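**Student:** This note's numbering numbers the first residue of the sequence shown as 26 and each following residue consecutively. Here it is, the structure, as structure tokens.
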Amino acid sequence: MKVPNLLGGLIGGMVGFAAGLVFSWFVMVIPLQANLNARERALQDWDRQQRAEREAIESIKTISAEELRKWVATVDEQNQRFATLERLAHEQEMRLVGPSLELVVIAAVVVLGVVALLVFMLRDANAVAATTLDTIATLAPEQMIHVAIVARLPTPPTMPSLDVPPGTSHDQTP
Numbered sequence: 026m027k028v029p030n031l032l033g034g035l036i037g038g039m040v041g042f043a044a045g046l047v048f049s050w051f052v053m054v055i056p057l058q059a060n061l062n063a064r065e066r067a068l069q070d071w072d073r074q075q076r077a078e079r080e081a082i083e084s085i086k087t088i089s090a091e092e093l094r095k096w097v098a099t100v101d102e103q104n105q106r107f108a109t110l111e112r113l114a115h116e117q118e119m120r121l122v123g124p125s126l127e128l129v130v131i132a133a134v135v136v137l138g139v140v141a142l143l144v145f146m147l148r149d150a151n152a153v154a155a156t157t158l159d160t161i162a163t164l165a166p167e168q169m170i171h172v173a174i175v176a177r178l179p180t181p182p183t184m185p186s187l188d189v190p191p192g193t194s195h196d197q198t199p
């Protein structure tokens, strides 16, 4: 019978244990150590901010009335500048939202120009029509004009007789 080699099993167990420790170190300890370092830095920053706040509170408690007035005046001046900038930005935004005054004026001038052009065209057309009627009136005999005027009236006035004596023509005027 052979005796089992206990030394090989013991060495194998120690190597396995060491490999498990190294694996655990790289998988768990190093990431947790990085996390703890980040937390420590955050706590140090927080402590530094707390000290700075305490110092600021102490300096505010020890500030003189004159310095406080200057500080309030500076804050008021900054608030006024901010309000001015805000008002200017609002005005600019309102100008960008609606049509500009120049565009409205241009549109009004164009509309007035078209209306004036139509008025002048109609006036010229009426002048030409009036000239044509005058020309026709000078060429037509008076009785013909009277008949045309009477035909347009709603109630005809008394008309002179249109009977033409025999031997006279319509183009002769008395």
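Cβ coordinates follow ideal geometry from the N, Cα and C atoms, glycine included. Owing to the predicted nature of the structure, the values given are computational and were not obtained by experimental measurement.
Could you check whether the Cβ of residue 35 sits closer than 6 Å to any heavy atom belonging to the ligand PLP?
**Tutor:** The ligand PLP is not part of the structure shown, which contains no ligands of any sort.
**Student:** Starting from the C-beta of residue 34, find all residues in its chain whose C-beta is less than 7 Å away, skip the five residues before and the five after it, and write them out in chain order.
**Tutor:** none
**Student:** Assuming residue 84 is part of the alpha helix (DSSP H), what are its boundary residues?
**Tutor:** 55-86
**Student:** Check for me: the alpha helix (DSSP H) holding residue 49 runs from which residue to which?
**Tutor:** 31-49
**Student:** Mapping the DSSP letters down to three states, classify residue 178 as helix, strand or coil.
**Tutor:** Residue state, collapsed to three classes: coil.
**Student:** Out of curiosity, what's the CA-to-CA distance linking residue 46 and residue 84?
**Tutor:** 54 Å
**Student:** Taking residue 52 as part of the alpha helix (DSSP H), name the residues at either end of that continuous run.
**Tutor:** Run containing residue 52: none; DSSP gives neither H nor E here.
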